[in-house]
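Visitor: Each residue of the sequence shown is one higher than the one before, starting from 1 at the first, in my numbering.
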Amino acid sequence: MSRSCDGPAASLIARPEGDLVIALAGNPNVGKSSLFNTLTGLGVSTAHYPGTTREVSVASARTPDGIVGVIDLPGSYGLGGQSEEERIARRALTDLAPDVVVVVVDPMNLGRTLYLALEIIDLGFRVVLAVNLADEARRAGIAVDMASLTAQLGVPAVETVATRGIGVADVVVAARREAAAGSPAPIHYGPDFEGFIAPLITACAAEPCLPGGLGARATALELLDPAHEVAGLLSERVRRTSADVRSVIAEHYGESAAMRLARERHGLAGTAGQAAVTRQEPSGRLPKDLWSLTTWPWTGVPLVVLVAVGIFGFLFFVGEFLAGAFSGLWETFASPGITSVITSLTGDGITSRVLLWGFDAGIEASLAIGLPYILTFYFLLGLLEDTGYLNSLAFLTDRAMHRLGLHGRAVVPLVAAAGCNVPALVAAQDLPTRRERLIASTLVLFIPCSARTAVILGAVGHYVGWQPAALVMAIVFAQWLAIGLTLQRVLPGRSRGLVMEMFPFRRPSLARVAGKAWAQFREFLFIATPIVIVGSLVLGGLYESGWLVYLSAPLAPVVEEWLGLPAVAGLTLIVGMLRKELSLQLLVALAVATASFAGAGLTDLMSPSSIVVYALVNAIALPCISSVAVFWKRHGPSRALAVVGASVVLALVAGGIVARVLPLFGMQ
Numbered sequence: 001m002s003r004s005c006d007g008p009a010a011s012l013i014a015r016p017e018g019d020l021v022i023a024l025a026g027n028p029n030v031g032k033s034s035l036f037n038t039l040t041g042l043g044v045s046t047a048h049y050p051g052t053t054r055e056v057s058v059a060s061a062r063t064p065d066g067i068v069g070v071i072d073l074p075g076s077y078g079l080g081g082q083s084e085e086e087r088i089a090r091r092a093l094t095d096l097a098p099d100v101v102v103v104v105v106d107p108m109n110l111g112r113t114l115y116l117a118l119e120i121i122d123l124g125f126r127v128v129l130a131v132n133l134a135d136e137a138r139r140a141g142i143a144v145d146m147a148s149l150t151a152q153l154g155v156p157a158v159e160t161v162a163t164r165g166i167g168v169a170d171v172v173v174a175a176r177r178e179a180a181a182g183s184p185a186p187i188h189y190g191p192d193f194e195g196f197i198a199p200l201i202t203a204c205a206a207e208p209c210l211p212g213g214l215g216a217r218a219t220a221l222e223l224l225d226p227a228h229e230v231a232g233l234l235s236e237r238v239r240r241t242s243a244d245v246r247s248v249i250a251e252h253y254g255e256s257a258a259m260r261l262a263r264e265r266h267g268l269a270g271t272a273g274q275a276a277v278t279r280q281e282p283s284g285r286l287p288k289d290l291w292s293l294t295t296w297p298w299t300g301v302p303l304v305v306l307v308a309v310g311i312f313g314f315l316f317f318v319g320e321f322l323a324g325a326f327s328g329l330w331e332t333f334a335s336p337g338i339t340s341v342i343t344s345l346t347g348d349g350i351t352s353r354v355l356l357w358g359f360d361a362g363i364e365a366s367l368a369i370g371l372p373y374i375l376t377f378y379f380l381l382g383l384l385e386d387t388g389y390l391n392s393l394a395f396l397t398d399r400a401m402h403r404l405g406l407h408g409r410a411v412v413p414l415v416a417a418a419g420c421n422v423p424a425l426v427a428a429q430d431l432p433t434r435r436e437r438l439i440a441s442t443l444v445l446f447i448p449c450s451a452r453t454a455v456i457l458g459a460v461g462h463y464v465g466w467q468p469a470a471l472v473m474a475i476v477f478a479q480w481l482a483i484g485l486t487l488q489r490v491l492p493g494r495s496r497g498l499v500m501e502m503f504p505f506r507r508p509s510l511a512r513v514a515g516k517a518w519a520q521f522r523e524f525l526f527i528a529t530p531i532v533i534v535g536s537l538v539l540g541g542l543y544e545s546g547w548l549v550y551l552s553a554p555l556a557p558v559v560e561e562w563l564g565l566p567a568v569a570g571l572t573l574i575v576g577m578l579r580k581e582l583s584l585q586l587l588v589a590l591a592v593a594t595a596s597f598a599g600a601g602l603t604d605l606m607s608p609s610s611i612v613v614y615a616l617v618n619a620i621a622l623p624c625i626s627s628v629a630v631f632w633k634r635h636g637p638s639r640a641l642a643v644v645g646a647s648v649v650l651a652l653v654a655g656g657i658v659a660r661v662l663p664l665f666g667m668q
């Protein structure tokens, strides 16, 4: 066997500890991450390779037979393409060199999902097949013969239901057995094809060393692609042989050698999948025509409207009820205890009041919006995702998204942004290109989240009327659309075509949805809560020291003269970076304090047109600091500052124009 010329691979991510290290690979939506979560539980760490946004997660799991290191690769349809997912999955495999690769496949699309397994086997890795979603397959009338798969591909196959832990232990046992079995047997394709590549395999085997830790056969298969980087690391003799072999294959089959290899893999995957699968009449599945109803524009668009109204109606009424209930419980049980502890340590002075701003009001502010609105929104979004509806929504909106430089899958983070911008920014990182991720993330920051919507409805809708509230929403939408069209024209590149899996509708698992919603909500808490606490401490210090009112004076030229608002409103808009509805609450509190009459209400402090302008500026300017922090992390400080600056300019322009136009229509 040829010796590798490479030293130890340098990787940003450390190989997980364990006497057995396995990597999990698979197409998107086959349950790979569920298998990872079931195996590892807590203690997961993630990292990005330089210049990428795709995460590779690593963890260790304790099993009865020892410690197992687990690597969760990005979901991908192959390893030879140019997408970031495929490049990172390939690099992580070569860098981290797992003992066994567990390839998670979908029994309902077995022939297609086996293609990735064949690519990994061809690279020389030991492989175990985890045939996941077995419960879904049975409901669809599909049974997979594990023995047949093992016999045809020469690798062990295990049936699993990862979300319920079924078969997970068997996967680990099979991986241990495979790791101890020695060098894996290669996959052989058609006899003509094997005959053509035999001279190239022989030439590679004669090399003193091979790059990337590859064997002779794996190197020969890589060389069928003339653009592959491995060619430049080999001798002239091997390069000449590879050129001859590619020429013979192209002449014989009438297509390139790389294309022929892909066709051989697809053929074997399809044959193996067809031989292993038996189909019966499905039972208990949702009707097949649901997909047509949700993707045909004449029925799909009304369904989108109904779903959106249902979600946001639920969030508005149920979320507001839960927020009120949480605040009541906090004031009854948590706040007195926190107050008692802080005052006993610092006394009843300015220091204790500032600390209470952070550790009482700040924590309550984070949880009062997080638990009722964001966690609830995650759960509702998870239900839509688990049923497969988001997949049809992406298909339905693909043409419209292309006009914004995106494709249909971008609708998921854009919908999520209406609940909270933070999780939507996280979801935007699943888009395939940097350009699409930047466009989607920027648009997310200009979508009114539930807190901004609450200000519009609570201020304009309640005090002025629903028509002005609808006007504010229309202006925000028009500006958002203009931003998207501008980014599409300004940023170089173009959106990729939508290639997506047509998954059948299925009954959602409440346990799976709840678990995923909680996992996503924890990330929000870790990002947002510390920022809100620190920001509240700073705000409390300015307020309690009296500096907050004095700081409003420099804002007067813009806030008073251009927007027609009280100068103190400018400070509350800045405070809105912590929490948008807090700006409205603080405006009333500060204005009452400066006006010196306790019975003042919002309409006593500002005219109807000023309330409209205030809500409009609040909805556009200065995204919340949690969103800015996530955007900063994903896209860098320069782009984050540019977007924040643009939001301020656009808000001031729109607010100033509306402040001058509304009186012309009789609104003072």
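The beta carbon of each residue, even a glycine, is placed where N, CA and C say it ideally should be. Quick caveat: nothing in here was measured; it's all calculated off a predicted structure.
Report all residues from its chain with a CB closer than 7 Å to the CB of residue 552; omit the five preceding and five following residues, and keep chain order.
Guide: Here residue 552 corresponds to residue number 552 of the sequence shown, with the count starting at 1. 567, 568, 570 and 571.
Visitor: So residue 205 packs on residue 216, CB below 8 Å; how close in whole Å?
Guide: Stepping through the sequence shown from its first residue, residue 205 is reached at position 205. Stepping through the sequence shown from its first residue, residue 216 is reached at position 216. Rounded, the Cβ-Cβ distance is 4 Å, consistent with contact.
Visitor: Look up residue 9 in the DSSP assignment and say whether it is helix, strand or coil.
Guide: Residue 9 sits at position 9 when you count from the first residue of the sequence shown. Because residue 9 sits at a pLDDT of 47, beneath the cut-off of 50, its placement in the model cannot be relied upon, and the point is left open.
Visitor: Where does the unbroken beta strand (DSSP E) through residue 197 begin, and where does it stop?
Guide: Position 197 of the sequence shown holds residue 197. No beta strand (DSSP E) contains residue 197, which is instead part of the alpha helix (DSSP H) from 191-205.
Visitor: If the criterion is Cβ atoms closer than 8 Å, does the pair residue 478 and residue 563 meet it?
Guide: The sequence position of residue 478 within the sequence shown is 478, counting from 1. The sequence position of residue 563 within the sequence shown is 563, counting from 1. No, the Cβ-Cβ distance between residue 478 and residue 563 is not below 8 Å.
Visitor: Look up residue 670 in the DSSP assignment and say whether it is helix, strand or coil.
Guide: Absent from the structure is residue 670, since the part of the chain shown begins at 1 and ends at 668.
Visitor: Compare the C-alpha of residue 446 against each of 65, 420, 201 and 406 and name the closest.
Guide: Residue 446 sits at position 446 when you count from the first residue of the sequence shown. The shortest Cα separation from residue 446 among 65, 420, 201 and 406 belongs to 420.
Visitor: Run through DSSP, which three-state label would residue 667 get?
Guide: Residue numbering aside, residue 667 sits at position 667 when the sequence shown is read from its first letter. Coil at residue 667, not helix or strand.
Visitor: Here's the rule: buried if 16 or more other CB atoms are within 10 angstroms of the residue's CB, otherwise exposed. What is residue 630?
Guide: Here residue 630 refers to the residue found at position 630 when the sequence shown is read from its first residue. Flag for residue 630 reads buried.
Visitor: Quick one: grab the DSSP three-state call for residue 101.
Guide: In the sequence shown, counting from the first residue as 1, residue 101 sits at position 101. Note: residue 101 maps to strand in three-state DSSP.
Visitor: By the three-class DSSP mapping on this structure, what secondary structure does residue 431 have?
Guide: Sequence index remark: in the sequence shown, residue 431 carries index 431 (1-based). It is coil, neither helix nor strand.
Visitor: Which residue comes first and which comes last in the beta strand (DSSP E) that contains residue 142?
Guide: In the sequence shown, residue 142 corresponds to position 142, counting from 1. From DSSP, the beta strand (DSSP E) with residue 142 extends over 142-144.
Visitor: Terminal residues of the continuous beta strand (DSSP E) containing residue 67?
Guide: Here the question's residue 67 lines up with position 67 in the sequence shown. Element bounds for residue 67: 66-72.
Visitor: Starting from residue 130, follow the beta strand (DSSP E) in both directions and report where the run begins and ends.
Guide: On the sequence shown, position 130 is the one that residue 130 refers to. That run of the beta strand (DSSP E) goes 127-131.
Visitor: Is residue 88 closer than 8 Å to residue 74 when the C-beta atoms are compared?
Guide: Counting from one through the sequence shown, the residue named residue 74 turns up at place 74. Counting from one through the sequence shown, the residue named residue 88 turns up at place 88. Yes, the Cβ-Cβ distance between residue 74 and residue 88 is below 8 Å.
Visitor: Going by DSSP, what residue range makes up the beta strand (DSSP E) through residue 332?
Guide: As a working note, residue 332 is residue 332 in the sequence shown. From DSSP, residue 332 is part of no beta strand (DSSP E); its letter is neither H nor E.
Visitor: When you compare each of 526, 90, 318 and 121 to residue 212 by their alpha carbons, which one comes out closest?
Guide: Taking the first residue of the sequence shown as position 1, residue 212 is located at position 212. Comparing Cα positions, the closest option is 90.
Visitor: Could you check where the alpha helix (DSSP H) with residue 382 kicks off and where it finishes?
Guide: Indexing the sequence shown from 1 puts residue 382 at position 382. Looking at the DSSP string, the run of the alpha helix (DSSP H) that includes residue 382 is 376-387.
Visitor: Rounded to whole angstroms, how far is the Cβ of residue 106 from the Cβ of residue 27, which I believe are closer than 8 Å?
Guide: Taking the sequence shown and counting its residues from 1, the one referred to as residue 106 is at position 106. Taking the sequence shown and counting its residues from 1, the one referred to as residue 27 is at position 27. 7 Å between Cβ atoms; contact.
Visitor: Can at least three beta-carbon pairs, one atom from the stretch 148-167 and one from the stretch 262-281, be found at a separation below 8 Å?
Guide: Touching, yes, given that three or more Cβ pairs across the two stretches are closer than 8 Å.
Visitor: Of the residues 538, 368 and 108, which one's Cα is nearest the Cα of residue 279?
Guide: Here residue 279 refers to the residue found at position 279 when the sequence shown is read from its first residue. Checked all of 538, 368 and 108; the closest Cα to residue 279 is 108.
Visitor: For residue 341, which of 147, 359 and 202 has the nearest alpha-carbon?
Guide: Here the question's residue 341 lines up with position 341 in the sequence shown. Closest option to residue 341, Cα to Cα, is 359.
Visitor: Output needed for residue 544: all residues of its chain with C-beta closer than 8 Å, excluding positions within five of it in sequence on either side, in chain order.
Guide: Counting from 1 along the sequence shown, the entry for residue 544 is found at position 544. 350, 353, 354 and 357, listed in sequence order.
Visitor: Could you tell me the alpha carbon to alpha carbon distance between residue 651 and residue 372, rounded to whole angstroms?
Guide: Sequence index remark: in the sequence shown, residue 651 carries index 651 (1-based). Sequence index remark: in the sequence shown, residue 372 carries index 372 (1-based). Going from the Cα of residue 651 to the Cα of residue 372 covers about 28 Å.
Visitor: Under DSSP, the beta strand (DSSP E) around residue 574 begins and ends at which residues?
Guide: Within the sequence shown, residue 574 is the residue found at index 574, counting from 1. That residue, residue 574, is in no beta strand (DSSP E); its alpha helix (DSSP H) goes 567-575.
Visitor: Considering only C-alpha positions, which residue in the set 468, 390 and 137 is nearest to residue 412?
Guide: As a position in the sequence shown, residue 412 is number 412, starting the count at 1. Of the candidates 468, 390 and 137, the one whose C-alpha sits nearest the C-alpha of residue 412 is 390.
Visitor: On the criterion of 16 or more Cβ atoms from any shown chain inside 10 Å, does residue 437 qualify as buried, or is it exposed?
Guide: Counting from 1 along the sequence shown, the entry for residue 437 is found at position 437. Classification of residue 437: buried, given that the 10 Å Cβ count is 16 or more.
Visitor: Taking the straight line between their C-alpha atoms, what separation do you get for residue 170 and residue 643?
Guide: Stepping through the sequence shown from its first residue, residue 170 is reached at position 170. Stepping through the sequence shown from its first residue, residue 643 is reached at position 643. Computed Cα separation, rounded: 50 Å.
Visitor: Could you give the C-beta distance for residue 114 and residue 273, rounded to a whole number, given that I count them as a contact under 8 Å?
Guide: For this step, residue 114 is matched to residue 114 along the sequence shown. For this step, residue 273 is matched to residue 273 along the sequence shown. About 6 Å; that satisfies the 8 Å criterion.
Visitor: Relative to the C-alpha of residue 124, which candidate in 145, 488, 100 and 521 has its C-alpha closest?
Guide: Reading the sequence shown from its first residue, position 124 is the one you call residue 124. Of 145, 488, 100 and 521, the residue nearest in Cα terms is 100.
Visitor: Taking the alpha carbon of residue 162 as the reference point, which residue from 201, 227, 24 and 110 has its own alpha carbon closest?
Guide: The residue given as residue 162 occupies position 162 in the sequence shown. Of 201, 227, 24 and 110, the residue nearest in Cα terms is 24.
Visitor: Looking at the strands, I want to know which residues DSSP matches up with residue 392.
Guide: Within the sequence shown, numbered from 1, the residue matching residue 392 stands at position 392. None, per the DSSP bridge assignment.
Visitor: Residues in its own chain within less than 8 Å of residue 533 by CB, not counting five upstream and five downstream?
Guide: As a first step, residue 533 must be located in the sequence shown, where it is residue number 533. Taken in chain order, the residues that qualify are 358, 359, 362, 363 and 366.
Visitor: Taking the beta strand (DSSP E) that residue 20 falls in, what are its first and last residues?
Guide: Taking the first residue of the sequence shown as 1, we reach residue 20 at position 20. Note, residue 20: beta strand (DSSP E), 20-26.
Visitor: Go to residue 138, then tell me how far its alpha helix (DSSP H) extends in each direction, as first and last residue.
Guide: Within the sequence shown, numbered from 1, the residue matching residue 138 stands at position 138. It spans 134-139 - the alpha helix (DSSP H) in which residue 138 sits, taken as one unbroken run.
Visitor: Measuring only the C-alpha atoms, how far is residue 294 from residue 394?
Guide: For this step, residue 294 is matched to residue 294 along the sequence shown. For this step, residue 394 is matched to residue 394 along the sequence shown. Between residue 294 and residue 394, the C-alpha separation is close to 10 Å.
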